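Only one structure is covered here, and it is reproduced in the block below.
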Amino acid sequence: MAATVSSGRDAVATPIQRAFREAFYAGAISLGLFVLFIGLRTDQNITNELILVQRWLLLAIVVIAVTVGRFLYVAYAVPAMERSKAEKAATPAVVAEPGFIKQNFNRIGLVILLLYPIAMVLLFGFQGSLKWVDNFGIQILIYVMLAWGLNIVVGLAGLLDLGYVAFYAVGAYAYALLGTHFGLSFWILLPAAGCMAAFWGVMLGFPVLRLRGDYLAIVTLAFGEIIRLVLINWREVTNGSAGISGIPKVSFFGLISFNVSDPNYIAKVLHIAQSGAYYKIFLYYLALGLCLLTAFVTIRLRRLPVGRAWEALREDEIACRSLGINTTTTKLTAFATGAMFGGFAGSFFAARQGFVSPESFVFLESAIILAIVVLGGMGSLGGIAVAALVMIGGTEILRELDFLKAVFGPDFTPELYRMLLFGMAMVIVMLWKPRGFVGSREPTAFLKERRAVSASFTKEGHG
Amino acid sequence: MNAQASMSDFILQVEHLSMKFGGLVAIGDLSFQAKRGEITALIGPNGAGKTTVFNCITGFYKPTEGMITLNKRDGSTFLLERLPNHEIPARANVARTFQNIRLFSGMTLLENLLVAQHNKLMKASGYTFLGLFGFPSYRQASAESIELARHWLEKADLVDRADDPAGDLPYGAQRRLEIARAMCTGPELLCLDEPAAGLNPKESAALNELLMGIKGTGTSILLIEHDMSVVMQISDHVVVLEYGRKISDGNPASVRTDPRVIAAYLGVDDEEVQEVLTEVGDEDVIEQLDTGPDAAHGPGNSASMMAGPVSDSVEHANEGERVTVSKGASKAAQVDARANSTKSKPAPKSSTAKPRGGRK
Ligand SMILES: Nc1ncnc2c1ncn2[C@@H]1O[C@H](COP(=O)(O)OP(=O)(O)OP(=O)(O)O)[C@@H](O)[C@H]1O
Ligand SMILES: [Mg+2]
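Chains S and Y, in that order, are what the protein sequence lines are.
The first sequence maps to residues 1 to 463 in UniProt numbering.
The second sequence maps to residues 1 to 360 in UniProt numbering.
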C-alpha cells in the first residue's frame, strides 16, 4: 500500500530508507486499524456484567509484527526477488529438467497414500492411529473425491455449480434410507446412490441449460438449498433435522464384517485382537479406492470425445455448435457425471459416519469444495488433491495446535480461526498462483510430444 | 426429370430469405444459389447482412421468412431453417468459420481438430461406454481421427505446431486452423466468413492455395470476402448484397463491371449525386440528401453483431428499435434511379423514402 504512496520519491531513496518509511506507515495504519479490534475487547464477568478487557500487549505484538514484516519485505525480500528475476531473464535458454519428485509426483503420492495407515499404526499403535487415519486420511480423501467430481463440472465443462453439495446429500440419504429400511448392502447401494445423484444432476441440468455465468451459479446455489430444505422438512421420510442414525456399516464384500457381534467379525476370522481401528483402516482403503476410481474415470473421459467436448464447451460454446456438438447433451452428461461422483462420496460418507443429518450439507460445504477446485487449478487432478490436503488437512491440524494456547491465553481455540485461515490461504494462493497450484493443462492427445498448455490460454468458461 | 437434375446441381438454394431484427431488415427477400463444387462469393459493404446470411444458413439465427435448401451429394435434401443448430454440421454437413475467430484457444491444434470429429468419434466410442473400457474399435477410430487431423494440419501448413495451444498461433495461422477444423467435420459445404481479413499478402496467397485445394476435393465453398483480389481470383460466382438486398449476381467479371456494384462499393461521387438529383428532379430526394452525411459514406455500420457471442446478440434481437432503411442511402438504388430517369422522365417514386433515420 505504501509503495504507491511514496513512488514519487523512490528514485532518490535507498531500499533501506524506503523500508523504514514504509514500515512506519504500515505500523501506523495497523495501529489505527487494530486499536479497537484487538486492543479492546468486550466480555462478560461472572456476574454477567459487560466489561472492557484491555489487551495492549497483544496489540503491541501485532503492530510490531506488521512493522517489522513490512520493513523486512521492502528492504530485503523485494530486492532479492528482483535480483532473481533479473538473473532468470539473463539466462533464459536453460530449460530446467523437472526434478525427480515432480516427474514421479503421482506415483510417489500413491505409494504414500497406500502406506499411510500402516505407518500411522506403526507410529501410534492401533488406538493412536484412529485419529490420523479417520480425521485426516478419510476426511481428506472424501473431499478429494468431491472436488474431483466437481472438477468435471467446473474445471472441465466450465459450468459454475455452487450447489454441488446437493448431490453429496442425495448420495448420503440414498444410502442411509435404503440401507436402514431395506438392509441392502453398501456394495449394491453405492452404484444406486451414484445413479440417483446422476439423475438429480440431470434434473438440475435441464432447467439451467440456457443459463450462463452468474445466473447459472445462482440457480445451482438455490438447488443446493432446496435439497437441504426438503431434507429438513420432509420429516416422515428423512426424520427432519434429527437425521438418520444406525446406518449399517460397510462389510468386506459380505465376507468379513466389522460388527463385533457378527459371527464373521474380522477379529474372529483372522484371529487377531479386537479393535475399532480395523474398520477405519478398511474405510480408508475404501475411500482411496473410490478416489482412484474417480481419477481413473476422469482421466479416461478426458481422452474420450465427451471429455474433449466438455473442455471445448468451456473454451467456446458457439464454436462447439458450429462443429455439430450437441451442447445440451454434453452439458447434461457433465452434470450427471459430476453428480454421480458426488453421490458415491455421499454414500461413503453416510457409511463412515453411521449418521446423516441436513447439517452436513450446508452451502459452506459447496463453497469449500469449490474453493479446493479453484485452488488446485481447474481441471488438474494432482493440484486439486494437494489443495484438499492443504485446506482440509490444514483445518484439521488446527485442532492439534495446543501450544498456541500458551501464546494467546488458555481460552484460545484455534479451530475458530478455521475460516480466517481458509480465506487467507485463498488470497495468498491466488496472489501467488492466480490459476491455482497447477496452472497448466495437460493436452489429451499429441502428435509429436506432450507439452503442457499454459493456463494463460485456457478459459474458465462462462456457463 | 431434367429439372430434377439441375436442382441437385445446386448444393445450396436460398429462396426469399428474410431476417428482421425488430424493425431492422437485415436481409430482405434474398434468393441465390450456389453450385456444387464451386466457390460462391458473397460480397457487399459493411453491414450489408452477409454474416446474417451465414448465421441463417448455419442455424444460429432462425430466418423470419424464406427457405434454405441443401442438396447433399447422396441425393438427400435438408431444409436448413428447420434443423436445430448443431444438426446442420452433423447431418447436413455444412461447416463454417467465424468473422471473429473462434478457436478453442486453450487446447492444442490437434485437439481442436479432434473436437471437430466429435460425432464420428462419439459413435466409435459407443457413446463413451466402449471407449471407457478401452475397446480396440475405439482405439482404431481414434488413430484414424488423428491421421485426418494430421492431413489437414499439413494442408494448412501447421503440422509443426500441432502440440501448441491454438491461442498461441499468429493471426493468419489461426484463420487457417479454423478452416482446417471446419474441414475435419467432413463438410460438403464450407462457409467462410472473411477468411482473408487481416492477412498479409503472403498469408493471403497461402489461403487462396488452401481454398483451391479444398475446392479440389469437391467441397463447395461459400465465401464472404471484402478483399476484391481474393474474390476475383478464386470465386466462380459472386452474389452482391447491399442493405440486405441482392444487387448483383453473376460471374466475377460481370459483377466487377456492374455499375450498381461499383456504386455500392465506391459510392456515387458527389457530382454524380447532383446529376442524379437534377435528373430525377425529386424535391424529397434533394431535401433528404441535404439533411446530413450519408450512412453509406463512412465506415459507419461496420460493427458486426458477430463480434460478441452469437447467442447473446440473438437474445437481444427482438429488442432492437424499429428502424427502416432509407432507400436514399442505397447507392445501388441511386444508380437505378438514374438509369430509370434517363429512360423516362417521370421520377420513380421508389427513390423517395421514408424518414431517413440512421441505421442504428
Ligand atoms: N443479432 C442481431 N441483432 C440485431 N441486429 C443485428 C444482429 N445481427 C446483425 N444485425 C444487424 O444486421 C445488419 C447486418 O449485419 P451483418 O453482421 O450481417 O453485416 P455484414 O455484412 O456481415 O457486415 P461486415 O462486413 O461488417 O461483417 C447490421 O445492421 C447489424 O447491425
Ligand atoms: Mg460480417
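The beta-carbon is built from N, C-alpha and C at its ideal position, and this holds for glycine as well.
A quick note: this is a predicted structure, and the numbers were derived from the prediction, not measured.
Look at Arg256 of chain Y here: in three-state DSSP terms it is helix. For Leu110 of chain Y, the closest C-alpha among the options Y:Phe10, Y:Glu225, Y:Ser142 is that of Y:Ser142.
Linking Arg175 of chain Y to Ile101 of chain Y through their CA atoms gives a straight-line distance of about 7 Å.
Uninterrupted alpha helix (DSSP H) stretches at least 4 residues long and entirely within the stretch 144–186 of chain Y occur at 171–183, given in chain order.
Ranked by Cα distance from Phe10 of chain Y, the first of Y:Arg36, Y:Ile234, Y:Leu17 is Y:Arg36.
Between the C-alpha atoms of Ser257 of chain S and Tyr278 of chain S there is a straight-line separation of about 10 Å.
Here Leu113 of chain Y is buried. Its C-beta has 16 or more other C-beta atoms within 10 Å.
Here Met81 of chain S is exposed, its C-beta having fewer than 16 other C-beta atoms within 10 Å.
Lys202 of chain Y has its alpha-carbon roughly 43 Å from the corresponding atom of Val153 of chain S. Looking from the CA of Ala287 of chain S, the closest CA among S:Ala75, S:Met145, S:Arg321 belongs to S:Met145. For a cut-off of 8 Å, the C-beta gap from Thr40 of chain Y to Asp193 of chain Y is around 13 Å, too long to register as a contact. Under the Cβ distance rule, Glu442 of chain S does not count among the residues neighbouring chain Y, no pair being separated by less than 8 Å.
Along the stretch 306–325 of chain S, going in chain order, the ones with a CB nearer than 7 Å to a CB of chain Y are Val306, Arg308, Ala309, Glu311, Ala312, Glu315, Asp316, Ile318, Ala319, Arg321, Ser322, Leu323, Gly324, Ile325. Taking the C-beta atoms as reference points, Val53 of chain Y is found nearer than 8 Å to Leu42 of chain Y. Residue range 10–21 is occupied by the beta strand (DSSP E) that includes Met19 of chain Y. Against chain Y, a Cβ distance below 9 Å from Leu40 of chain S picks out nothing, because the smallest value is about 51 Å. Within 9 Å of the CB of Arg302 of chain S, no CB atom of chain Y is found; the nearest one sits about 10 Å away. For Glu242 of chain Y, the enclosing beta strand (DSSP E) begins and ends at 237–242. For Ala264 of chain Y, the shortest separation between its Cβ and any heavy atom of ligand 1 does not lie below 7 Å.
Boundaries of the alpha helix (DSSP H) harbouring Met340 of chain S: 327–353, taken from the DSSP string.
Judged by the Cβ position, Lys85 of chain S fails to qualify as a neighbour of ligand 1 at the 7 Å threshold, every heavy atom of the ligand being at least this far.
Only Arg441, Pro443, Thr444, Ala445, Phe446, Leu447, Lys448 from the stretch 423–448 of chain S bring a Cβ to less than 9 Å from some Cβ of chain Y. Under the 8 Å criterion on CB atoms, Ile146 of chain Y is classed as interfacial with respect to chain S. Restricting attention to Y:Asp227, Y:Ser235, Y:Asn200, the CA atom closest to the CA of Lys215 of chain Y is found in Y:Ser235. At least one C-beta of chain S is nearer than 8 Å to the C-beta of His118 of chain Y. Contacts with chain S (Cβ-Cβ distance below 8 Å) from the stretch 213–241 of chain Y involve no residue at all.
Under the DSSP assignment, Lys35 of chain Y falls in the beta strand (DSSP E) whose first and last residues are 24–35. Judged by DSSP in its simplified three-state form, Gln54 of chain S adopts strand. Less than 8 Å separates the beta-carbon of Cys191 of chain Y from that of Thr58 of chain Y. Chain-ordered, the chain Y residues with CB closer than 7 Å to the CB of Thr458 of chain S read Gly106. Straight through space, the alpha carbons of Gly213 of chain S and Tyr265 of chain Y are spaced by roughly 41 Å. Leaving aside the five residues that flank Leu375 of chain S on each side, the residues in its chain whose CB is nearer than 6 Å to its CB run, in chain order, Ala387, Val429, Gly436.
In this structure the stretch 32–39 of chain S lies against the stretch 48–65 of chain S, because at least three pairs of beta carbons, one per stretch, are closer than 8 Å. Residue burial is scored here from C-beta neighbours: Gln139 of chain S has at least 16 other C-beta atoms within 10 angstroms and is therefore classed as buried. Between the alpha carbons of Pro63 of chain Y and Ala156 of chain Y lies a gap of roughly 33 Å. Assignment of Gly66 of chain Y by DSSP, reduced to helix, strand and coil, places it in the strand class.
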